[in-house]
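Asks: Sequence positions in the sequence shown follow the working numbering and run 10 to 206. For each residue, glycine too, the CB sits at the ideal point set by N, CA and C. Computed from a predicted structure; not experimentally measured. Have a look at the structure that comes next, please.
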Amino acid sequence: MIVETRVNIKIRGESMRSRAVVLSILLALVIRDVSASDHSGHVDAKPHEIKALPASDIAGLLAGKGMGYGKAAELNGYPGPKHVLELSKELSLTPEQQKKTQAIFAQMEAAAKKLGAELVAAEVALDHAFKNKTINESSLSEHTRKIGEIEARLRAVHLAAHLQQASVMSDVQIKQYMVLRGYEDAGAHGHGKHHHH
10 MIVETRVNIK IRGESMRSRA VVLSILLALV IRDVSASDHS GHVDAKPHEI KALPASDIAG
70 LLAGKGMGYG KAAELNGYPG PKHVLELSKE LSLTPEQQKK TQAIFAQMEA AAKKLGAELV
130 AAEVALDHAF KNKTINESSL SEHTRKIGEI EARLRAVHLA AHLQQASVMS DVQIKQYMVL
190 RGYEDAGAHG HGKHHHH
């Protein structure tokens, strides 16, 4: 718990950009400390040894990546800003659309990195509580509530970006996006005019 408090104070004092870096360093230290106090001989524990969170997931969360959180939107005809930027030539984005898409992506990425760092910290705290045998029904409920709440906010950030992105594009561009992404049938039903121009 002392380590967790220090992590939270340290992160609040950092800029949003460096939070993920600071957290990943602290995460490695926390895991090393937990491992060193574990008498099983595994002194060189790595972040990927957090059983509930693979290293690739940790990296993705800290980098603000989609992690599948936008899939409900993506598969139903609401493009993701990152992929729209990657396909900007094929979609014939206007300079104004390009600018709006970059702004949507930047806002989403910043929010996702912040929440991703919070989620990793919450998962570390849960893992730490189980490893140290300090977990009980009351603290378990608190840990899982916190994790669920952060994850819900993170998913909303990604889905909101897809919603905003659809409002920037024409129906023709969205159809083309779906074809380019290999979802041509997924968005064929009922997209209509979900967005405003």
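Just checking, does the region 102-112 make contact with the region 121-129 on the three C-beta pairs under 8 Å criterion?
Replies: no
Asks: Please classify A61: does DSSP put it in a helix, a strand, or coil?
Replies: coil
Asks: In the structure shown, what three-state DSSP assignment does P104 receive?
Replies: helix
Asks: Just to check my reading of the structure: I113 and A170 have Cβ atoms closer than 8 Å, yes? What is that Cβ distance to the nearest angstrom?
Replies: 5 Å
Asks: Flag this pair as yes or no: are the beta carbons of I59 and E151 separated by less than 8 Å?
Replies: no
Asks: Measure from the alpha carbon of M187 to the alpha carbon of each residue in A134, T153, V177, H92, then state which is nearest.
Replies: H92
Asks: Determine the direct distance from the alpha carbon of H137 to that of I67, and round the result to whole angstroms.
Replies: 16 Å
Asks: What do you get for T143, buried or exposed, if any count of 16 or more other CB atoms within 10 angstroms of its CB means buried?
Replies: exposed
Asks: Under a Cβ-count criterion, where at least 16 other Cβ atoms within 10 Å of its own Cβ denotes burial, should V166 be classed as buried or exposed?
Replies: buried
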